[in-house]
Every structure is written in C-alpha cells, then in structure tokens.
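Under numbering that gives the first Met the number 0, residue 473 is the last one in the sequence shown; the count climbs by one each step, no gaps. As structure tokens, the structure follows; a few thoughts come after it.
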Amino acid sequence: MNVQEVERETGLTRANIRFYEKQGLLRPNRKANGYRDYSSDDVNALLKIKLMRELDVSIEEIDKLQREERKLSSVIEERAESIDEERGNLSDAKIVCQSIGEDGITFRELEAGKYLEELEQLAKERGAENAGQFRRKQDILRETLHPWRRFFARMIDEGIYTISISVFFYLAFHMKDSIVSFVCLTVLGMAAMIIVESILLSCFGTTAGKWLFGIRVLSKDGKRLTWREVAERTGMMLWHGLAFEIPLWRIYRLYKSYDAYTDGETLAWDENCLYLIDEKKGLRYVAAVAAVTLLLVLYGVFEFPSEQIYKMPVHYDGLTVEEFAENYNKYLEVYGLADEERLNRNGEWEEPQALKPRFRYELEDGIIKSISFEIDYTGKEENPHYRDEVTCAALAWEGGKWKSKMRMMMSDRLLRLEDEIQESGCGNYKAYDIRQDIVEVYRYEEKDGGFYPQMSGEDGRLHIVFEMGEKIRE
0 MNVQEVERET
10 GLTRANIRFY
20 EKQGLLRPNR
30 KANGYRDYSS
40 DDVNALLKIK
50 LMRELDVSIE
60 EIDKLQREER
70 KLSSVIEERA
80 ESIDEERGNL
90 SDAKIVCQSI
100 GEDGITFREL
110 EAGKYLEELE
120 QLAKERGAEN
130 AGQFRRKQDI
140 LRETLHPWRR
150 FFARMIDEGI
160 YTISISVFFY
170 LAFHMKDSIV
180 SFVCLTVLGM
190 AAMIIVESIL
200 LSCFGTTAGK
210 WLFGIRVLSK
220 DGKRLTWREV
230 AERTGMMLWH
240 GLAFEIPLWR
250 IYRLYKSYDA
260 YTDGETLAWD
270 ENCLYLIDEK
280 KGLRYVAAVA
290 AVTLLLVLYG
300 VFEFPSEQIY
310 KMPVHYDGLT
320 VEEFAENYNK
330 YLEVYGLADE
340 ERLNRNGEWE
350 EPQALKPRFR
360 YELEDGIIKS
370 ISFEIDYTGK
380 EENPHYRDEV
390 TCAALAWEGG
400 KWKSKMRMMM
410 SDRLLRLEDE
420 IQESGCGNYK
430 AYDIRQDIVE
440 VYRYEEKDGG
450 FYPQMSGEDG
460 RLHIVFEMGE
470 KIRE
C-alpha cells in the first residue's frame, strides 16, 4: 500500500505516519524506486499506536511495548492510575473554581496563595501528590511550522554573508572570477555563517533574516542556544540542508529537507531547538518583502560589479609616477600580458624595447598632471595594434581622477572607457580625455581597427602621439 491508502485505513494523517516512522515505531519496506511500501502488518502497527496514543500512552512507552521491554498490562495499569489522579485534580480544580466564583472578586483582588493552599489541602485529603501539575506540565513553548518563511529568512542571511564576503575580497585583493575564487568565497561564506550565527543566535535568538520574518530559534526549554549548540546546528544545516553549497546536490537537499519538513519530520539540525514565529503583520512584512526583492536584484546584477571590482586600479586620488606604474602593471595582469615587460618605479620599461611606447610625465608637487606617450613604428611591422598599451595606460590613469575606490566602483566609467578603446581600435578616441595626434602615417593602411603596413616596396612609418590629463573627480 502507498501512504494515501494507509491514511484511509487508519484515519491517521501523513504527518502522523511520518512522525511515527521518525520515532522508530514503524519501519515500512522500500520499493526499487525508493517509495515506501506499507504492508498489512504496518497498518496493524499503526492502529495499535493510534489506540495507545488515544489512551495518552507516551511514545517512549509504546516503543518499549514494541520491543517487549514492558508488559501491556503494566502500562495500562499505570495509565489508569494516572487517569484517576487527573480526575481528582480536575475535581479539586472545579471546587476551587466554585469558591472563587462565590467570592465575587476581580482578578486584581485575587489572593492566589489562599486558593493554592485550598488546592493542596484537597489533594492531601484524597492522598494525592503534586496538586495542579496536570496543567503546568503543558505550559511549555510550542513551535509552529512555516517552511517558506524559514527559507526566505535563510536566503536573506546567506545573501548577506555571500555578498559581504565577495565585495570585501574583490576590493581588498582584486580577485578575478574563476572556479578557484568561487570555491574560496563559498568556503569563507560558510565559515562566516557559522561564526556570525553563533554570535547572533546565542545572544539574541535571531538573525537579520529571521528577525525580518519574525522567527526566533531557542532551545527546547525556551532558553537561548549556547554558542556551541548554534555552531553544531549551523554545521548540520550546511551539510544536511545546503549540502555545503555544492550546486546540484544543494538543490536536491533543499527539496528533500522541504519534503521531510512538510511531512512532519524533524530536520537533523532542529533536533534540540524550536522555532517561535511572530504572527503579527505590518511593517515587518513590508520590510521582509523589500529585503527579498533587493537581494534578488543584487544577485541578478552582482556579476557586473564583480568584473568592475576586479578591474579596479590599485591607487586613486592623484598619482605619483610610481603609483601610475603599479596601476599599469596591474592591468597587464588583468589582460594576461604579465609576461611582457613591466614598468619600474620610475615609470620606465624595465628593459626598453623599440616597439614599446616611452611615457613622459608632467608633474606638479610630485603628482602627475598629464601623461603623454607616442607610438613610432618604422618598417614592415605586422599590425602594430598598440591598443593594449593605450588601454592599460588609460585605465591606470583613470584611477588618479577619483577621490575614493568606492565612488569609482559605483560608476560604470571604467568599463565604458575600456569598451570605448576596444571599439575605437586605432581610430580617434573622442571621449575620456585621451587626446590622439596622428603625426605621420606612411605606407600603413587602417583596417579592422588597426594599421597594417604595405608589404611591398619601401618601408613605411606610423607615428602617433597620445596625451591624457584631467582634474580629480569628486
């Protein structure tokens, strides 16, 4: 039988059946496809469990009965005695209720001690102990189930950790998008999750995402979890719930966790804690929806900022010659040209070559005011493109025009400048403060974004001068 048929046979819900399986009271066989196959013995076992629970026999006692560690007669006898005690407690409670009603007092005038003593006296008269315990035993916190609230709360928290870690490392180390950087950032994000959640849940019982959705995580007795308990809980959640962020495995584990949770099973990381949900609506719901929307937008556009951040220069706000050289060398690495000659601290090539431009610097109080360099080819050099030199120099110089890295990062000027140069080829750079002066073009033809020499006849010459310079950008 499948679970729907078992529900009809027993009158139990799927959540009940899954719960009893989780408690080890039911062990159905599995088909080849993994689905449960319930037998008539399983149905009979469920009916026995249902009867025992109707008689208020505990799960622990039912388990002992199944394993024949206890006799049914002993369990039923104890339960009958408990019922007698509960009946006596109810009778005592009724008498005290009548006394309070006859006294005609308000809640403010109520003398609790007087009536508690009356309850205890009534219990003593009938030889009972622990008067009133039948109600106080039920005065414990109960958790409520809201899978989608928990999911979106987790998504917000995870997004905060991931984006914060990514932005920090892109800014601090100019990391390039790659499998290695993805793995490193993922591991660091999980480490941050364990540390931050250990602090927040042990101190406040909630996190940013959970607070927005009105969720608190506590221990079973209603106290805050300890640091160690939170760390263990988060670690188990990362493995059983998020599969350590392994892409396809993560999706599978999220599905399985949702399926188990909605079937009434206790998730591995929830064994020793409970969730309290604030059902109040209002501004918190609005803030939660806004946070989820913002996070989706950030996830959608984060690929662009990561490229922008990786291509950010090293130095800003006015450049010395040495700082310009460091920026230039950074872009040699960005474009995979690091094996070429680099600029030294004086802004000159470490080993001058005929085909490399010579930079000239106009300084004011040690800060570069303008930069000029020229391309001068003579002969039949095949496609002297010089676009790499122009791109690296322009991007290196651009950093000096901005007051701060953050302001430059928020602008798309860097990428637009790069596109302008790449699209213009060896043509006229109309924007971004790059002034180009074609001094001489002899026996070179402009074609496909570059100049090509005429291979027959005498040698030609290509001579172009570039100059860059502009005020600091606020």
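Built from N, CA and C at the ideal position, the CB exists for glycine as well.
Continuous alpha helix (DSSP H) stretch holding residue i: start and end
i	result
VAL229	226–235
ASP102	71–102
LEU273	LEU273 -> not in any alpha helix (DSSP H); beta strand (DSSP E) instead, spanning 272–276.
TRP396	386–397
GLY208	207–211
GLN474	Beyond the ends of the chain as shown, which are 0 and 473, falls residue 474; an answer cannot be given.
ASN345	That residue, ASN345, is in no alpha helix (DSSP H); it is neither H nor E in DSSP.
ALA267	First-last for ALA267: undefined, no H or E at that position.
ARG223	It is not in any alpha helix (DSSP H) - ARG223 carries neither H nor E in the DSSP assignment.
ASN32	Here ASN32 belongs to no alpha helix (DSSP H), and DSSP marks it neither H nor E.
PHE18	13–21
ARG66	Premise fails: ARG66 is in no alpha helix (DSSP H) and is neither H nor E.
ARG7	2–9
Three-state class that DSSP yields for residue i in the structure shown
i	result
ASP262	coil
ILE245	coil
VAL56	coil
PRO312	coil
ASP364	coil
ILE250	helix
LEU282	helix
SER39	helix
PHE151	helix
ARG460	strand
GLU466	strand
GLN453	coil
ARG357	strand
SER369	strand
TYR376	strand
GLU332	helix
GLU439	strand
ARG434	strand
GLN137	Low per-residue confidence applies at GLN137: pLDDT is 49, beneath 50, and the placement is therefore not dependable enough to give any value.
ARG107	coil
LYS49	helix
First through last residue of the beta strand (DSSP E) which encompasses residue i
i	result
ARG215	214–218
TYR443	443–446
Cβ separation of residue i and residue j, assumed to be a contact under 8 Å, to the nearest whole Å
i	j	result
GLU264	LYS21	5 Å
LEU224	SER218	5 Å
ASN28	SER38	7 Å
TYR315	SER403	6 Å
VAL291	PHE151	6 Å
TYR114	SER90	The Cβ separation is near 15 Å, so there is no contact.
TYR309	TYR169	6 Å
ILE198	GLY234	With a Cβ gap of about 15 Å, ILE198 and GLY234 do not count as contacting.
HIS462	GLU363	At roughly 28 Å, the Cβ-Cβ gap does not stay under 8 Å, so HIS462 and GLU363 are not in contact.
GLY87	ARG125	5 Å
GLU388	LEU416	Not confirmed; about 15 Å, so no contact.
LYS49	LEU11	6 Å
HIS145	ILE16	Contact doesn't hold; Cβ gap of about 22 Å is too wide.
ALA207	ILE164	Not a contact, Cβ separation roughly 15 Å.
Neighbour-count burial assignment, residue i, 16 or more Cβ in a 10 Å radius
i	result
PHE358	buried
ASN326	buried
ARG215	buried
TYR330	buried
MET454	exposed
LEU342	buried
THR261	exposed
CYS96	exposed
ARG26	exposed
ILE377	In the sequence as displayed, the identity of residue 377 is Thr instead of Ile. Its Cβ having fewer than 16 others within 10 Å, THR377 is exposed.
VAL179	exposed
ARG153	buried
ALA392	buried
ASN328	buried
PRO312	buried
THR161	buried
LYS222	exposed
PRO351	exposed
LYS209	buried
Contact test: residue i Cβ vs the ligand FAD heavy atom, cutoff 7 Å
i	result
ALA395	Because no ligand of any kind appears in the structure shown, any question about the ligand FAD cannot be addressed here.
Within-8 Å CB hit, residue i to chain B
i	result
GLY234	In the displayed structure, chain B is absent; only one protein chain is listed.
Check your understanding: What residue ranges within the segment 166–205 form continuous alpha helix (DSSP H) runs of no fewer than 4 residues, ordered along the chain?
Key -> The qualifying runs are 178–203.
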